[in-house]
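Student: Would you mind keeping the following structure in view while I ask a few things?
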Amino acid sequence: MIDEKEIIRRRDMRDVFTFTIDPADAKDFDDAISFEYLSAKALYQIGVHIADVSFYVRPNTKVDDDAYQRGTSVYLVDRVIPMLPEELCNDKCSLKPGEDKLCMSVIFTMDADANVLKYKICRTVIRSDVRLNYDEAQHIICRNQTGETLSRENRTVVNTESDAGQTVLISEALTVLNDLALKMRAARLAAGALAIEQEEIRFRLDEHHHPVEIYFEQPNEAHHLIEEFMLLANKTVAKSVGSGRPFVYRVHDLPDYDKLEEIKKFKRQYKMARRKDNSALQRAIDMLTIRAQAKAVYSTYNIGHYGLAFTHYTHFTSPIRRYPDLMVHRLVEKYILTGKKETMTREELELICEHCSDCEQEAAQAERESVKLFQTMWMEDKIGQVLPGHITGITDFGIFVQLDDSHCEGLVHMMTIEHPENYVLGDAVTVQVVRVDVNRAQIDFELV
Numbered sequence: 017m018i019d020e021k022e023i024i025r026r027r028d029m030r031d032v033f034t035f036t037i038d039p040a041d042a043k044d045f046d047d048a049i050s051f052e053y054l055s056a057k058a059l060y061q062i063g064v065h066i067a068d069v070s071f072y073v074r075p076n077t078k079v080d081d082d083a084y085q086r087g088t089s090v091y092l093v094d095r096v097i098p099m100l101p102e103e104l105c106n107d108k109c110s111l112k113p114g115e116d117k118l119c120m121s122v123i124f125t126m127d128a129d130a131n132v133l134k135y136k137i138c139r140t141v142i143r144s145d146v147r148l149n150y151d152e153a154q155h156i157i158c159r160n161q162t163g164e165t166l167s168r169e170n171r172t173v174v175n176t177e178s179d180a181g182q183t184v185l186i187s188e189a190l191t192v193l194n195d196l197a198l199k200m201r202a203a204r205l206a207a208g209a210l211a212i213e214q215e216e217i218r219f220r221l222d223e224h225h226h227p228v229e230i231y232f233e234q235p236n237e238a239h240h241l242i243e244e245f246m247l248l249a250n251k252t253v254a255k256s257v258g259s260g261r262p263f264v265y266r267v268h269d270l271p272d273y274d275k276l277e278e279i280k281k282f283k284r285q286y287k288m289a290r291r292k293d294n295s296a297l298q299r300a301i302d303m304l305t306i307r308a309q310a311k312a313v314y315s316t317y318n319i320g321h322y323g324l325a326f327t328h329y330t331h332f333t334s335p336i337r338r339y340p341d342l343m344v345h346r347l348v349e350k351y352i353l354t355g356k357k358e359t360m361t362r363e364e365l366e367l368i369c370e371h372c373s374d375c376e377q378e379a380a381q382a383e384r385e386s387v388k389l390f391q392t393m394w395m396e397d398k399i400g401q402v403l404p405g406h407i408t409g410i411t412d413f414g415i416f417v418q419l420d421d422s423h424c425e426g427l428v429h430m431m432t433i434e435h436p437e438n439y440v441l442g443d444a445v446t447v448q449v450v451r452v453d454v455n456r457a458q459i460d461f462e463l464v
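For the sequence shown, this note's numbering gives the first residue as 17, with consecutive numbering after it.
Spelled out as structure tokens, the structure:
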């Protein structure tokens, strides 16, 4: 139970319709969105509510020290290594439906054109009305777009009434929020943000943790809805702090100019040689574009975020799984909520940023290696099979090929290729699986 005195100190939003959208297998819910009409539906009040981890995890405690050392949660194929103890991340801090939860929130007043008219950053207490997964949310969005009559269970999830006296239905909320998210996304892309989307590879495992199916999740409108409002909250918090005070920014430098020139050259050469294979060309261009990008890192020196086309950006929305977000919550409390000065110097804060950036890179590498391992396990019984794929890399020692169906990647050794000069990045090829080494997570192909 939450102390009643703590609830009194916060903005009480338990009567405002609030929901979460997360992956179906998620155990911790660190962000929620609230929605209500203002001015007879002409304006909306939208809250982005983030679990107030800083209330439970105080500086210079054992839990905080452990969280700092981990830096981030690590999401492997068959397990999660959480940054925080499960009692916190899966229970006390998790924004589970029907339970009172403490949050750090950014509450926006927006019009129908997705303009933010005003906002407030504050501590709140919320009670989520419903938990949706992405497929459920997308299903409701699609039915709203086609005009299909909603089933009773989706019409009566919520019994909350807004100030305008309108009963807020989950279908109405998702319709409005999705429309606003589409407009925010369009404006961001028009400002120069990158729009590269990659499928997320997922595995279905048996009781022995062996892969029995590989499938992919493509970002849909429900994903974009959550993404855009989280981006809005992160950007707003970063701008609110102002300049002159040490703060934790999420920064992304300009891409490598020489690599961008290589992409332009590749596009010209590819189009002249293979004008018809546009899908392969786009995949190859996306891959080269990603490789040309600088790595996004945490820093007290704000250089903006190139990939998002933001002048100010931070990570505020996932303090359950990222230590920088927890740091940002503490700084927001000092700078915005209480007006206190930060006692840590910029140099000390920068060292923490560097540590968190290193932890993030290590976690990302571990996650990639985990995926590669399970892909190799999936290919173990497929030696001899002939499969279609595309070239994803060309080196002096061979050609890397990614299979079309499973996205498993293997190497065609150069000594087995008769005319290597005939192949370019993005080419469609057919290969035979000749060797699979699970211990080394290596797959060898030969061109057919």
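Quick reminder that beta carbons are idealized off the backbone N, C-alpha and C, glycines included.
Only a predicted model underlies this, so the values are computations on that prediction, with no experimental measurement involved.
Candidates P227, D222, I212: which alpha carbon is nearest K388's?
Tutor: What you label residue 388 is simply residue 372 of the sequence shown in a count that begins at 1. The shortest C-alpha separation from K388 is found at P227.
Student: So, for T305: in the same chain, excluding its five sequence neighbours on each side, which residues have a beta-carbon less than 7 Å away from its beta-carbon?
Tutor: Mapped onto the sequence shown, residue 305 falls at position 289. Cβ within range, chain order: I212, I279.
Student: Sort T327, T140, P271 by Cα distance to A207 and report the nearest one.
Tutor: Within the sequence shown, the letter at position 191 stands for residue 207. Checked all of T327, T140, P271; the closest Cα to A207 is T327.
Student: Less than 8 Å between the beta carbons of Y314 and V264, yes or no?
Tutor: Reading the sequence shown from its first residue, position 298 is the one you call residue 314. Reading the sequence shown from its first residue, position 248 is the one you call residue 264. In this structure, V264 lies closer than 8 Å to Y314 by Cβ.
Student: Distance, Cα to Cα, A180 vs D19?
Tutor: Along the sequence shown, one-based indexing puts residue 180 at 164. Along the sequence shown, one-based indexing puts residue 19 at 3. Bear in mind that the predicted position of A180 carries a pLDDT of just 40, short of 50, making it unreliable; the figure below should be weighed with that in mind. Looking at the two C-alpha atoms, the distance is approximately 31 Å.
Student: Do L427 and F390 count as a contact pair if the criterion is CB distance below 8 Å?
Tutor: Locating residue 390 in the sequence shown gives position 374, counting from the first residue. Locating residue 427 in the sequence shown gives position 411, counting from the first residue. Cβ distance not < 8 Å, so F390 and L427 don't count as in contact.
Student: Give me the DSSP bridge partner(s) of G426.
Tutor: To locate residue 426, count along the sequence shown from 1; it is residue 410. According to DSSP, G426 bridges with V417.
Student: Closest to L270 by CA distance: which of Q309, V452, G258 is it?
Tutor: On the sequence shown, position 254 is the one that residue 270 refers to. It is Q309.
Student: Taking contact to mean 3 or more Cβ pairs, one atom from each stretch, closer than 8 Å, check whether the region 146–155 and the region 232–244 are in contact.
Tutor: Verdict: yes, contact present.
Student: If we define contact as Cβ-Cβ less than 8 Å, is P98 a contact residue for chain B?
Tutor: In the displayed structure, chain B is absent; only one protein chain is listed.
Student: Shortest alpha-carbon distance to R86 belongs to which of V93, C109, V192, Q377?
Tutor: Taking the first residue of the sequence shown as 1, we reach residue 86 at position 70. If we check each option's Cα against that of R86, Q377 comes out closest.
Student: Among the candidates A197, I23, I157, whose CA atom is the shortest distance from the CA of D116?
Tutor: Here residue 116 corresponds to residue number 100 of the sequence shown, with the count starting at 1. The residue with the shortest Cα to Cα distance from D116 is I23.
Student: Would DSSP call L342 helix, strand or coil?
Tutor: Walking along the sequence shown from the start, residue 342 turns up at place 326. Residue state, collapsed to three classes: helix.
Student: Would you identify the three-state DSSP class for N131, choosing helix, strand or coil?
Tutor: Numbered from its first residue, the sequence shown carries residue 131 at position 115. It is coil, neither helix nor strand.
Student: Using the DSSP secondary-structure output, state which residues sit across from T125 in a beta bridge.
Tutor: As a working note, residue 125 is residue 109 in the sequence shown. T125 is bridged to Q61, K134.
Student: Can you tell me whether DSSP reads A310 as helix, strand or coil?
Tutor: Taking the sequence shown and counting its residues from 1, one reaches residue 310 at position 294. Of the three classes helix, strand and coil, the one that applies to A310 here is coil, per DSSP.
Student: Grab the span of the beta strand (DSSP E) containing L353 for me, first residue to last.
Tutor: For this step, residue 353 is matched to residue 337 along the sequence shown. Per DSSP, L353 belongs to no beta strand (DSSP E) and is neither H nor E.
Student: Counting beta carbon pairs with one atom in the region 106–122 and one in the region 132–144, are three or more of them shorter than 8 Å?
Tutor: Yes, the region 132–144 is in contact with the region 106–122.
Student: Quick one: grab the DSSP three-state call for Y53.
Tutor: Counting from one through the sequence shown, the residue named residue 53 turns up at place 37. Strand.
Student: Is DSSP giving I319 helix, strand or coil here?
Tutor: Position 303 of the sequence shown, counting from 1, holds the residue named residue 319. Coil at I319, not helix or strand.
Student: Let me know the secondary structure DSSP gives D46 once reduced to three states.
Tutor: Here residue 46 refers to the residue found at position 30 of the sequence shown. Residue state, collapsed to three classes: coil.
Student: Do you know how far the Cα of F45 is from the Cα of N170?
Tutor: Here residue 170 corresponds to residue number 154 of the sequence shown, with the count starting at 1. Here residue 45 corresponds to residue number 29 of the sequence shown, with the count starting at 1. For N170, the pLDDT reaches just 41, beneath the cut-off of 50, and the residue's location in the model is therefore unreliable, although a value from the coordinates is still provided. Straight-line Cα distance between these residues: approximately 21 Å.
Student: Straight-line CA distance for Q61 to K136?
Tutor: Numbered from 1 along the sequence shown, position 45 holds the residue referred to as residue 61. Numbered from 1 along the sequence shown, position 120 holds the residue referred to as residue 136. Going by the C-alpha atoms only, they are around 11 Å apart.
Student: Between the region 61–78 and the region 341–350, can you find at least three pairs of beta-carbon atoms closer than 8 Å?
Tutor: The region 341–350 is in contact with the region 61–78.
Student: Go ahead and label M120 buried or exposed: buried means 16 or more other beta carbons lie within 10 angstroms of its beta carbon, across all protein chains shown.
Tutor: By one-based count along the sequence shown, residue 120 stands at place 104. Buried, since its Cβ has 16 or more Cβ neighbours within 10 Å.
Student: Using C-beta distances below 8 Å, list every residue in its chain close to M246, excluding the 5 sequence neighbours before and after it, in chain order.
Tutor: As a working note, residue 246 is residue 230 in the sequence shown. Cβ within range, chain order: D47, V64, T333.
Student: Take the Cβ of V9 as the centre, count every other Cβ of all protein chains shown within 10 Å, and call the residue buried at 16 or more, exposed below.
Tutor: In this structure the chain extends from 17 to 464, so residue 9 is not present and cannot be described.
Student: Looking only at DSSP bridge pairs, what is V452 linked to?
Tutor: As a position in the sequence shown, residue 452 is number 436, starting the count at 1. V452 pairs with I459.
Student: In whole angstroms, give me the CA-to-CA distance for C372 and R362.
Tutor: Start at 1 with the first residue of the sequence shown, and residue 372 comes out as number 356. Start at 1 with the first residue of the sequence shown, and residue 362 comes out as number 346. Straight-line Cα distance between these residues: approximately 15 Å.
Student: Classify I230: buried if its beta carbon has 16 or more other beta carbons within 10 angstroms, exposed otherwise.
Tutor: As a first step, residue 230 is located in the sequence shown; it is residue number 214 there, counting from the start. Label assigned to I230: buried.
Student: Specify whether the region 76–92 and the region 25–36 touch according to this definition: at least 3 beta carbon pairs, one from each stretch, less than 8 Å apart.
Tutor: Because the criterion of three Cβ pairs below 8 Å is not met, the region 76–92 and the region 25–36 do not touch.
Student: Going straight from the alpha carbon of D107 to that of A67, what length do you get?
Tutor: Locating residue 107 in the sequence shown gives position 91, counting from the first residue. Locating residue 67 in the sequence shown gives position 51, counting from the first residue. Spanning the two alpha carbons is a distance of roughly 11 Å.
Student: From K283 to L133, what does the alpha carbon distance come to, in whole angstroms?
Tutor: Counted from its first residue, the sequence shown places residue 283 at position 267. Counted from its first residue, the sequence shown places residue 133 at position 117. Whole-angstrom Cα-Cα distance: 43 Å.
Student: Note down, one range per segment and in chain order, each alpha helix (DSSP H) of at least 4 residues found wholly within the region 184–211.
Tutor: List check, alpha helix (DSSP H) in window: 186–206.
Student: Give me, in chain order, the residues of the same chain whose beta-carbon lies closer than 8 Å to that of G323; leave out the 5 immediate sequence neighbours on both sides.
Tutor: As a working note, residue 323 is residue 307 in the sequence shown. Within the same chain, G323 has close Cβ partners A209, L210, H268, Q309, A312.
Student: Does L100 pass the burial test, meaning 16 or more other C-beta atoms within 10 Å, or should it be called exposed?
Tutor: Position 84 of the sequence shown, counting from 1, holds the residue named residue 100. It is buried - the Cβ of L100 has at least 16 other Cβ atoms within 10 Å.
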